[in-house]
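Quick note on our numbering: the sequence shown kicks off at 30 and runs consecutively.
In this text, a Cβ means the ideal position worked out from N, Cα and C, and glycines have one as well.
The model shown is predicted, which means the values in this text are computed figures rather than measured ones.
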Amino acid sequence: MTEQNSDTTPETGHRLIRRYLRTLDSSPGVYRMLDAQARVLYVGKARNLRARVSNYARPTGHTARIARMIRETASMMFLTTRTETEALLLEQNLIKQLKPRYNVLLRDDKSFPSIHVTAHDYPMIRKHRGAKKGKGRFYGPFASARAVNRTLAQLQRAFQLRNCTDTQFASRTRPCLQYQIKRCTAPCVGYISEEDYAAVVRDAERFLSGRSTEIQDKLKTQMAEASDAMEFERAAALRDRIKALTEVQSAQGINPRTVNEADIVALHLQNGQACVQVFFIRAGQNWGNRDFYPRVGDDVEEAEVLEAFIGQFYDSKEPARQLILSHPIENADLMTEALSGKLGRKVELLVPKRGEKAELVDAALRNARESLARKMSETATQAKLLKGLAEAFDLPAPPRRIEVYDNSHIQGTNAVGAMIVAGPEGLMKNQYRKFNIRGDDLTPGDDFGMMKEVLTRRFKRLLKDDPEREQGLWPDLLLIDGGAGQVSAVAQIMREMGVEDIPMLGVAKGVDRDQGKEVFHRVGARPTALRHNDPVLYFVQRLRDEAHRFAIGTHRAKRAKSMSATPLDEVAGVGAARKRALLVHFGSAKAVSRANLADLKAVEGVSEGLAQKIYDFFHEKG
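Below is the structure:
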């Protein structure tokens, strides 16, 4: 690739763009349009850079959005590529990184969970999120953790596979509760042979691979045979397994008949807002759906939105063999080539007009339309609450970003700070932040000191990353769980950092610490209260409670991790995998500490040098 960047001139708009044409050829590539402050306005790709950019050099014939973008353009940057497909992939990467104002932008890009059947003599079945790097087989994606949990619960009933960790499995001497409630066959204590357990695992994998009818027919035959042999207890168990499998299928809502593997992607545009609904069809089953709300302009077309969504969505995810779309996209051949190259096998893009595929698209479109209507209604309600908040506390304008802070600890131990964020579209969970309290000089339980550390770290980062406050990361309002003392302490911290223009509001519990009698504290103002039935009061309570929930959850996770810590964590070279191998082999950290050098060397994954390190660590400590 080659990169070009012209000298900045005061000239802007189509005249500036016309000057760039002299330096461009017909190579494929990616272009960036920047404003006077060098902020990226737009990223686009082109089969022919010169031909594509020449469109922007015309003074007329543009939509209002594009015309506005051209007027703001003060410079451009170009990257040439070898192929148009390479340009497409680069464009989507740059959009995700730079988040240009005039591009269609996917805002929610979380990973999706899957089901993992581990590689083990007695495999376990579990929920998995993230990269599929572990040994074993993965089935997914599922649209949500709820969809995975529901499927896992029914699979436990149907196949009774273990869900305990390998360490727990190796250390058990008697069956656990899962066996008692008929959710596991207790392979840990030998209640089922390895061959019989493997047969059940194969049945579970057949079901997850779409051969559910085959499994159910097999179970029905076995149930009839057990009944004829008067083995009524076994027949009842098989009946329950069939029922569990039926419940998995009936809970799916949309059940395709002829589509084995596909993602149904449907778009609904209305009043400058968009909702994309994605249904995940795997193994002939509906594994849930998710809705997304990409950022779009007022005058974008369905083809542009859908193409941008597909490119950004599958940048970090594995596509299905078929993408069944509600609208055609402009560069379907390029997108097909890019996705096929990513998957290593052919990917089809379809826009069906009739048949079952069209029915699936219609169902996804209906869901997209209804989801967008609910979203727009919620946004309108949220806008009213933010306006009411501004009026109640004399804010200059309705806040677009509210940051709420809270701490959690037990007598100063495992202390954490938490920040939640809310805005015009509600809670912005992808903006939540956790802070491990690290101050060595803090007195245990010093809430003021903890808050100072959290805010100092937060605003130091903001001053470093976005000193001009152009990226939308700075809050318009700070909400503090506390009274006048907390607010004064926070105000002092902000003055020390040179940030004094952000309003802050302290929420103190009122008389008898009753909810609904909160008192609000501001710098330089008398404490105030709101009517007990004021919607703004309920809104602030929800924000405070959400911050409290997030802080407590973070603290509990940290405490649980510290409780599971062992001396092995202090040994250099012993990571999670080797720690697990040592504990499985010896049964406990104490047994590891007592092991001789020869036994340590016998553990899989432990080299002679590491065995010596572990031995020396425990024996030097006595």
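Alpha carbon to alpha carbon, how far is residue j from residue i? Give it in angstroms, no decimals.
| i | j | result |
| --- | --- | --- |
| V69 | N132 | 10 angstroms |
| L626 | Y644 | 6 angstroms |
| I353 | T109 | 32 angstroms |
| A176 | V72 | 36 angstroms |
| E599 | P348 | 41 angstroms |
| I244 | A187 | 11 angstroms |
| N178 | I95 | 45 angstroms |
| I144 | E454 | 32 angstroms |
| T147 | F422 | 56 angstroms |
| Q281 | A172 | Its pLDDT being 48, under 50, Q281 is placed unreliably in this model, and the coordinates cannot settle the point. |
| T38 | A419 | With a pLDDT of 46 at T38, under the threshold of 50, the predicted position of this residue should be treated as unreliable, and no value is reported. |
| R87 | L134 | 26 angstroms |
| L629 | S617 | 13 angstroms |
| T52 | N77 | 13 angstroms |
| E633 | A610 | 7 angstroms |
| L484 | I509 | 11 angstroms |
| D327 | K128 | 17 angstroms |
| L492 | P504 | 12 angstroms |
| D292 | V305 | 12 angstroms |
| Y49 | G604 | 54 angstroms |
| R270 | E234 | 15 angstroms |
| R201 | H577 | 37 angstroms |
| Q251 | L267 | 8 angstroms |
| P496 | L502 | 10 angstroms |
| K458 | C213 | 36 angstroms |
| V548 | L507 | 16 angstroms |
| R97 | H91 | 9 angstroms |
| S622 | F647 | 6 angstroms |
| K249 | F261 | 14 angstroms |
| P564 | Q411 | 11 angstroms |
| K156 | M533 | 41 angstroms |
| D475 | A402 | 46 angstroms |
| T365 | L597 | 49 angstroms |
| V334 | Q185 | 41 angstroms |
| R551 | R588 | 34 angstroms |
What are the boundary residues of the alpha helix (DSSP H) that residue i is part of?
| i | result |
| --- | --- |
| S369 | 361-372 |
| A182 | 174-188 |
| G446 | Careful: G446 lies outside any alpha helix (DSSP H), inside the beta strand (DSSP E) at 442-452. |
| S200 | 195-200 |
| Q66 | Element bounds for Q66: n/a, residue is neither H nor E. |
| F171 | Segment: none, F171 is in no alpha helix (DSSP H) and carries neither H nor E. |
| E120 | 113-127 |
| D423 | Counting along the chain, D423 falls outside any alpha helix (DSSP H), and DSSP gives it neither H nor E. |
| V334 | 331-342 |
| Y131 | From DSSP, Y131 is part of no alpha helix (DSSP H); its letter is neither H nor E. |
Check the DSSP bridge columns for residue i and list the partner residues they point to.
| i | result |
| --- | --- |
| A291 | I310 |
| G535 | I509, H550 |
| I154 | V146 |
| Y60 | G73, F107 |
| T557 | F549 |
| K463 | A447 |
| I353 | I293, L379 |
| M299 | Strictly speaking, residue 299 in this sequence is Gln, with Met absent from that position. In DSSP, Q299 forms a bridge with Q302. |
| D645 | Its beta-bridge partners do not exist; DSSP assigns none. |
| F321 | V305 |
| G455 | G452 |
Tell me the residue span of the beta strand (DSSP E) that contains residue i.
| i | result |
| --- | --- |
| K74 | 69-75 |
| F167 | 165-168 |
| K608 | Not the beta strand (DSSP E): K608 falls in the alpha helix (DSSP H), residues 605-615. |
| N436 | 431-439 |
Give me the Cβ distance between residue i and residue j, rounded to the nearest whole Å; I'm assuming they're in contact under 8 angstroms.
| i | j | result |
| --- | --- | --- |
| L415 | P428 | 6 angstroms |
| V450 | S437 | Rounded, the Cβ-Cβ distance is 18 angstroms, inconsistent with contact. |
| P57 | A75 | 6 angstroms |
| E385 | R286 | 6 angstroms |
| V516 | F488 | Between F488 and V516 the Cβ distance is about 16 angstroms, and since that is not below 8 angstroms, they are no contact. |
| A199 | V613 | 5 angstroms |
| E27 | Q351 | Here the chain covers residues 30 to 651 and nothing more, so residue 27 does not appear. |
| G535 | G511 | 5 angstroms |
| F656 | Y168 | No answer is possible for residue 656: it lies beyond the span of the chain, which begins at 30 and ends at 651. |
| M480 | V519 | 7 angstroms |
| A174 | P142 | 5 angstroms |
| L389 | V288 | 7 angstroms |
| M405 | Q570 | At roughly 25 angstroms, the Cβ-Cβ gap does not stay under 8 angstroms, so M405 and Q570 are not in contact. |
Could you say if the region 336-347 and the region 431-438 meet the contact criterion of at least three C-beta pairs nearer than 8 angstroms? As far as the Cβ criterion goes, the region 336-347 does not touch the region 431-438, which means the pair count is below three.
Taking contact to mean 3 or more Cβ pairs, one atom from each stretch, closer than 8 angstroms, check whether the region 56-71 and the region 94-105 are in contact. Flag = yes, the region 56-71 and the region 94-105 touch.
Is there contact between the region 377-397 and the region 292-310, where contact requires at least three CB pairs shorter than 8 angstroms? Contact check between the region 377-397 and the region 292-310: three or more CB pairs, one atom from each, fall below 8 angstroms, which counts as touching.
State whether the region 148-161 contacts the region 112-119, with contact taken as three or more CB pairs (one from each stretch) at a distance under 8 angstroms. Taking 8 angstroms as the limit for Cβ pairs, the verdict is that the region 112-119 does not touch the region 148-161.
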